[in-house]
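S.K.: Here it is, the structure in full.
Residue numbers (our numbering): 1433 to 1971.
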């Protein structure tokens, strides 16, 4: 039987082809990628024999996920191979942007502008050991490796099931994986599968600049965005004491959120990065002599064990303290200038603001007022979140000056399987195998720091902490949602084993050729077969 991707050379050719299919998030290329991939997999004899085991499933905006199932006739145990096929955009390549998705041509072009690259990238370019280009590392290499596994498992009839799942839109909102949860549950029922491991193929992410260690991950870090809309009181710049700018108010919370150690978590000796501001801007669209009175801010918080409810409670506490400080300084200024203050700056949760607006106007009026914002084609879910709050406050100005606290998408719950026995066995087997066969030292990290789609399986919050997220995310249930309850049914542990590369999301994104095409296929295959043997014995 012909094996298309069974050699390092053929696997590299496959990856170069996948990279050439440009699939930047929210582009037509992303829409077309899944169809091209389905045609590619239809070449395999197995899917010609079982076409119903290869399928596309809708995400949104014309995008599709692809699933490909190899099922052994006597096995129920199933390993889910997870990847994403979208990439970030390529504007940072400048004049070389047309070559960003053509690895061989890009490498030649880079040789002509080596002085533009940092010394490490120059050395890697000269070595010939790396494949440069958008998506080589993050993460079409993982997809290519999974395709080769499916092909070989089917050809050799491995005694375990493999389900390849590759999704759209991991890089922006993870819509692909959020929509994919229901598909996983459907396939589980349809084919009588029992998921025993969710195996991602995300690449190695450095822990610090110049880090050359090869990591494998027994969990994935969480990420959430507590945000705020600050609403002051407008005035003419010639009468500054008649108002209060939202810019002034916002600085008090931003100062307290940035690098705030109270949000830091340390688990298994690993520590989350500190919070930073991802975006802060006033909502004034044009220049005028009117002072800005609405400002939005979004803060990035990483998670390991905290729930959305715990983070929001903590955020509210910080915001109350910040606004008390702001109010004290404002009242002191009013006393100094002998003017009547506008009042204290209140702090509201979005759910409180929404309840107030509904009581004031009725649900139909509020829904009508928000409809155009929800349907606006050029605003993303973060823009819409802020504009929903803005509309409500414009119509409830008796509550201002105010700071309204909310969540802006996306939300990635943290997930960890470090204590799972199967994951421990896999970790031990692949680590020993890498050392014995290749002299490669693999190091365990408990939380993948690159953020991944593993966040949407094996959800463990049993206390309803997600309800705080639902109630305080303005676009929730319409423009954005997370299948929290369904995720609880995907109970298998998580593991991430991927190839070595450097500079994800940078112009010099690159992939180590030998590690990806010679070492990783063997390590992944033998790890899966070791699981298959134990599964067969247990059955």
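The beta carbon of each residue, even a glycine, is placed where N, CA and C say it ideally should be.
The model shown is predicted, which means the values in this text are computed figures rather than measured ones.
How many whole angstroms separate the CB atoms of residue 1682 and residue 1662, which I take to be in contact at a CB cut-off of 8 angstroms?
M.R.: With a Cβ gap of about 4 angstroms, residue 1682 and residue 1662 count as contacting.
S.K.: Over what stretch of residues does the beta strand (DSSP E) that includes residue 1626 continue unbroken?
M.R.: 1626–1632
S.K.: So, residue 1748 versus residue 1930, is the Cβ gap smaller than 7 angstroms?
M.R.: For the pair residue 1748 and residue 1930, the CB atoms are not nearer than the 7 angstroms cut-off.
S.K.: For residue 1496, which beta-bridge partners are listed by DSSP?
M.R.: 1490
S.K.: For the structure I just gave you, are there three or more beta carbon pairs, one from the region 1549–1559 and one from the region 1440–1453, closer than 8 angstroms?
M.R.: no
S.K.: Between which two residues does the alpha helix (DSSP H) holding residue 1709 run?
M.R.: No alpha helix (DSSP H) holds residue 1709; the beta strand (DSSP E) holding it covers 1708–1714.
S.K.: Can we count residue 1919 as close to the ligand NAP, meaning its CB is less than 6 angstroms from some heavy atom?
M.R.: With respect to the ligand NAP, the structure offers nothing, as it holds no ligand at all.
S.K.: Does the beta-carbon of residue 1814 have 16 or more other beta-carbons within 10 angstroms, so that it is buried, or is it exposed?
M.R.: buried
S.K.: Note down the Cα distance separating residue 1677 from residue 1826, rounded to an integer number of angstroms.
M.R.: 15 angstroms
S.K.: Starting from residue 1556, follow the alpha helix (DSSP H) in both directions and report where the run begins and ends.
M.R.: In the DSSP annotation of this structure, the continuous segment of the alpha helix (DSSP H) that includes residue 1556 starts and ends at 1551–1559.
S.K.: Give the straight-line distance between the Cα atoms of residue 1718 and residue 1724, rounded to the nearest whole angstrom.
M.R.: In this structure, the alpha-carbon of residue 1718 lies about 10 angstroms from that of residue 1724.
S.K.: Could you tell me which residues DSSP pairs with residue 1735 in its beta bridges?
M.R.: 1654
S.K.: For the region 1568–1626, which segments carrying the alpha helix (DSSP H) assignment without a break, of at least 4 residues, lie completely within its bounds, in sequence order?
M.R.: 1573–1588, 1607–1623
S.K.: Please specify which runs of the beta strand (DSSP E), each continuous and at least 3 residues long, are wholly inside the region 1860–1908, giving them in chain order.
M.R.: 1874–1877
S.K.: Helix or strand or just coil, what does DSSP make of residue 1945?
M.R.: helix
S.K.: How big is the Cα-Cα spacing for residue 1529 and residue 1472?
M.R.: 26 angstroms
S.K.: Measuring straight from C-alpha to C-alpha, what distance separates residue 1574 and residue 1823?
M.R.: 44 angstroms
S.K.: Excluding the 5 residues preceding and the 5 following residue 1501 in the sequence, name in chain order all residues of the same chain whose CB lies nearer than 6 angstroms to its CB.
M.R.: Sequence-distant partners of residue 1501 (beyond 5 residues in either direction) whose C-beta falls short of 6 angstroms from its own C-beta, in its chain, are 1485, 1595.
S.K.: State yes or no: is the C-beta of residue 1715 within less than 7 angstroms of the C-beta of residue 1846?
M.R.: Result no, Cβ atoms of residue 1715 and residue 1846 do not sit closer than 7 angstroms.
S.K.: Given residue 1475, which residues of its chain have a CB within under 6 angstroms of its CB, disregarding the five upstream and five downstream residues?
M.R.: none
S.K.: Judging by CA-CA distance, which residue of 1580, 1856, 1834 is the nearest neighbour of residue 1963?
M.R.: 1856
S.K.: Could you check the C-alpha separation between residue 1506 and residue 1920 for me, to the nearest Å?
M.R.: About 27 angstroms.
S.K.: Look at residue 1626 and residue 1509 and say whether their C-beta atoms are less than 7 angstroms apart.
M.R.: yes
S.K.: Can you name the residues that DSSP bridges to residue 1927?
M.R.: 1631
S.K.: Helix, strand or coil, according to DSSP, for residue 1757 in the structure here?
M.R.: In this structure, DSSP gives residue 1757 a helical state, which the three-state scheme calls helix.
S.K.: Tell me, which residues are paired with residue 1702 by DSSP?
M.R.: 1699
S.K.: Near residue 1811, what residues of its chain come up, given a Cβ to Cβ distance below 6 angstroms and the 5 sequence neighbours on each side ignored?
M.R.: none
S.K.: As an exercise, report each continuous alpha helix (DSSP H) stretch of at least 4 residues that is fully enclosed by the region 1791–1832, in chain order.
M.R.: 1795–1807, 1813–1826
S.K.: Measuring only the C-alpha atoms, how far is residue 1615 from residue 1657?
M.R.: 27 angstroms
S.K.: Quick test of the definition: if touching needs 3 or more C-beta pairs under 8 angstroms, does the region 1832–1847 touch the region 1726–1743?
M.R.: Short answer: they touch.
S.K.: Spatial neighbours of residue 1903 within its chain, please: CB distance less than 6 angstroms, with the 5 preceding and 5 following residues excluded, ordered by chain position.
M.R.: 1783
S.K.: Are the CB atoms of residue 1437 and residue 1580 within a distance shorter than 7 angstroms?
M.R.: yes
S.K.: Can you round the beta-carbon distance between residue 1789 and residue 1798 to whole angstroms, since I take them to be within the 8 angstroms contact cut?
M.R.: The Cβ separation is near 5 angstroms, so the contact holds.
S.K.: Going by DSSP, name the residue or residues bridged to residue 1839.
M.R.: 1658
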